[in-house]
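Inspection log for the structure reproduced underneath, given as structure tokens.
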Amino acid sequence: MFNSPYAPNPGYTTSGVPNYTASLVPGRGRMIPQSKYRPHTAADRDRYVNKIQLFEPVLFNTTDPGVVGIALSDALAGKYQQLEGRDDRLFQQCGPSISIRINWAGCYPSWSRQIPTRDFKNPPGPVSRSKVAKNVARSVQRFIDEMNTKTLEEDADDSWAVGRARNGIVIEDLALVRLENVSKGSWQAQLCFVHAGIAKGPL
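Counting from 123, one number per residue, gives the positions in the sequence shown under the numbering used here.
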């Protein structure tokens, strides 16, 4: 087990996965469905997943126990007052950057973007939970921008499409629930609708 910013909070399973259902998040809306990222080859899966100890999920809880996850629009705006443990230092055992991965609802190819794990102080120190939230929000915005006019994968459900070009899901619709360490240096962003009233996705 690693240091406390990675440890499961009360009400979470020993694997760090919240005890709510896959489809509904307390105080929010539905989870965005994703397939779990896996390295492409058996050799890479063995090297980067099977033969290493993965970290516990990084959680983005709020100070309100009835609300899970930080709205990505709040993270972009620097509104962290309700983010539990916002000053906790994360990724102290990781390298200088990690890959944020998104496998969005079967609609688009697997996507990733690197974010730093160190701040820009002198000397550099581990990045805070609030800064990670902002960098993940920026990554999700980049993903949405890049996929805005991209052709969907064959047999994709276009109700999960992102971007304004299709009147799809946009950054204001989403909250960050947690990051899951899916392989060495790779963390998958688990997202949900920011509230239950968003009429997007399959209804």
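From the three backbone atoms N, C-alpha and C, an ideal C-beta is built for every residue, glycine too.
Enclosing alpha helix (DSSP H) for residue i [first to last residue]
i, result
"A199", "194-199"
"V171", "Counting along the chain, V171 falls outside any alpha helix (DSSP H), and DSSP gives it neither H nor E."
"A278", "Per DSSP, A278 belongs to no alpha helix (DSSP H) and is neither H nor E."
"R167", "164-167"
CB contact flag (residue i, residue j, <8 Å)
i, j, result
"F213", "P187", "no"
"V180", "L301", "yes"
"P155", "A259", "no"
"S308", "R223", "yes"
"S250", "D210", "yes"
"F182", "L205", "yes"
"V254", "L313", "no"
"S219", "T239", "yes"
"F177", "N303", "yes"
"I237", "I266", "no"
"D279", "P324", "yes"
Contact test: residue i Cβ vs the ligand FMN heavy atom, cutoff 7 Å
i, result
"L146", "Within the structure as shown, the ligand FMN is missing, as the structure has no ligands at all."
Continuous beta strand (DSSP E) stretch holding residue i: start and end
i, result
"A311", "308-315"
"A297", "296-305"
Residue i - partner residues in DSSP beta bridges
i, result
"T184", "L205"
"V190", "N183"
So does the region 309-325 actually touch the region 149-157, counting three or more Cβ pairs closer than 8 Å?
yes
So, do the region 268-275 and the region 152-167 have three or more beta carbon pairs nearer to each other than 8 Å?
no
Which runs of the beta strand (DSSP E), 3 residues or longer, sit entirely within the region 201-272?
219-224, 233-238
Does the region 229-247 come close enough to the region 270-289 to have 3 or more Cβ pairs within less than 8 Å?
yes
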